[in-house]
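Read through the structure below, which is laid out as structure tokens, and then see the notes.
Numbering (the working numbering), first residue to last: 5 to 490.
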């Protein structure tokens, strides 16, 4: 019976994947129905195991994994704990023993494992995520890069399944069930994932440069996992059914707002320095630099119950500013780093009260404000050049606007930061802005060869394009005039 199903699925897959000119629409439709009928099969687990162990057709392997995933959700109440653990361990073993699997097949199998674990999240009778962490620990400790990458894929699948990236799972979980599982995962396992990533990052950071290609691949995946955790949208302690619609990912990053249970990890003296050292190590690789910068910008946004009081906030902020400035003083920014660095400054200045900045060492605060001022002026100049080239690139402009927002937050409350600290820099940024946006002889804005009609059109575009920036500059000018009069 299992062999018959396998042969039918292999034949159907050949038809489904065939070029349009090789099969008729009727043949393709019939083949699709064969696959759909199999996906609806009751208790398909033994047949799917047979197919996974014996078929050499990647698409069929993918469908077998998908069938298991959907059946587990559909038939969970009919499965006993022993059968569930047997199925989970079989799928993990299958992935680790078949290292040449196509990536899309491997990822689907690991997602199936994650779904099995999610189904059992609220069921005390089945194995918890402990089994998966044991597998991950063994794979990482194996020294085999392929196995280490599989371990990373396991954790990524787990994070994806429990995250808020979608309102409901594609396999039919209700939103209520998803939220309850997510809360339980956050309480019991999310910090374990992060601690695991810290352990691996620390081991790789101490390795001698240059890193091998294999180690670099592992580092990239582990950094991605750390990024997922630090970008996690933590579930509010009390979330009512009517508020579920507001608790969804809107495609924008959220601030890092974990519970007090994370104090031992995120407020540790070792965590921030590790991420600064890691960025210095990986910044020459564009992809890894992006992962690392997102980690830094999220760490800069840390807020909430994790801080017991202002003393804890000031201690963390001092450590962050000191490490961040030391990193920046040792490097010359690549173009692809600038937006991430600007976002880190913005998050730091907006998420920590200005009274906390006023409490850090004065020399450290002055250095931070001076660097921010120089970076803002430089970014404004490169943004103007970028715009003048009309290349369609907006990286510098985006970074510049984030830095302008940062300055607005700084001058918003001068009860805590003395005007004498900010005013010279605000004037410098204002003058730099005017120089970049005025043509000769008053400024150095690139001159374009345009006819009179185009110039009028450009001026109208400028008023619309730079509305937010002009509002910022106007507020600075007003603030500077007010402080000067006083």
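Even glycine gets a Cβ: it sits at the ideal position worked out from N, Cα and C.
Under the rule that 16 or more other beta-carbon atoms within 10 Å means buried, what is residue i, buried or exposed?
i           : result
residue 370 : exposed
residue 338 : exposed
residue 67  : buried
residue 16  : buried
residue 559 : Absent from the structure is residue 559, since the part of the chain shown begins at 5 and ends at 490.
residue 344 : buried
residue 401 : buried
residue 79  : exposed
residue 436 : buried
residue 217 : exposed
residue 110 : buried
residue 355 : buried
residue 287 : buried
residue 13  : buried
residue 63  : buried
residue 73  : buried
residue 491 : Beyond the ends of the chain as shown, which are 5 and 490, falls residue 491; an answer cannot be given.
residue 295 : buried
residue 9   : buried
residue 58  : exposed
residue 182 : buried
residue 120 : buried
I'd like the list of long-range same chain contacts for residue i, defined as Cβ closer than 7 Å, with 5 residues on each side in sequence excluded.
i           : result
residue 153 : 221, 222 and 225
residue 266 : 195 and 310
residue 379 : 407
residue 7   : none
residue 23  : none
residue 331 : 280, 283 and 284
residue 377 : 429, 432 and 433
residue 397 : 390
residue 150 : 103
residue 276 : 303, 323, 324 and 327
Just to confirm the assignment, what range does the alpha helix (DSSP H) spanning residue i have?
i           : result
residue 33  : 29-43
residue 406 : 399-415
residue 139 : 134-145
residue 378 : 366-393
residue 9   : 6-20
residue 324 : 314-333
residue 106 : No alpha helix (DSSP H) holds residue 106; DSSP gives it neither H nor E.
residue 162 : 149-166
residue 279 : 275-286
residue 190 : 179-192
residue 362 : 358-363
residue 49  : 49-58
residue 62  : 62-79
residue 217 : 217-234
residue 211 : No alpha helix (DSSP H) holds residue 211; DSSP gives it neither H nor E.
residue 342 : 342-355
residue 291 : 290-303
residue 268 : 267-270
If you measure from the beta carbon of residue i to each beta carbon in chain D, is any gap under 8 Å?
i           : result
residue 419 : Protein chain content of the structure displayed is limited to a single chain, and chain D is not contained in it.
Keeping to the same chain, check which residues put their C-beta closer than 8 Å to that of residue i; ignore five residues upstream and five downstream.
i           : result
residue 365 : 322
residue 278 : 202, 205, 206 and 209
residue 464 : No answer about residue 464 holds up, because its pLDDT of 49 lies below 50 and its placement is not dependable.
residue 197 : 159, 162, 163, 229 and 233
residue 245 : Per-residue confidence for residue 245 stands at a pLDDT of 48, beneath the threshold of 50, marking its modelled position as unreliable; the derived number appears in the next sentence. Contacts found: 180.
residue 298 : 231, 234, 235, 257 and 344
residue 273 : 323
residue 348 : 297, 300, 301, 304 and 328
residue 289 : 220 and 224
residue 269 : 195, 198, 199, 202 and 275
List the whole-angstrom C-beta distance separating residue i from residue j, where the pair is believed to meet the contact cut-off of C-beta under 8 Å.
i           : j           : result
residue 1   : residue 188 : For residue 1 there is no data in the structure shown, the boundaries of the chain being 5 and 490.
residue 359 : residue 429 : Not confirmed; about 20 Å, so no contact.
residue 271 : residue 320 : 6 Å
residue 411 : residue 433 : 7 Å
residue 143 : residue 100 : 7 Å
residue 383 : residue 346 : 7 Å
residue 352 : residue 414 : The Cβ separation is near 11 Å, so there is no contact.
residue 305 : residue 263 : Rounded, the Cβ-Cβ distance is 16 Å, inconsistent with contact.
residue 155 : residue 140 : 4 Å
residue 69  : residue 113 : 5 Å
residue 350 : residue 409 : 6 Å
For residue i, I'd like the list of residues in its chain whose CB is within less than 6 Å of its CB, leaving aside the five on either flank, ordered along the chain.
i           : result
residue 308 : 261
residue 115 : 161
residue 129 : 85
residue 35  : 16, 19 and 20
residue 11  : none
residue 403 : 342, 343, 346 and 383
residue 75  : 48
residue 186 : 166 and 239
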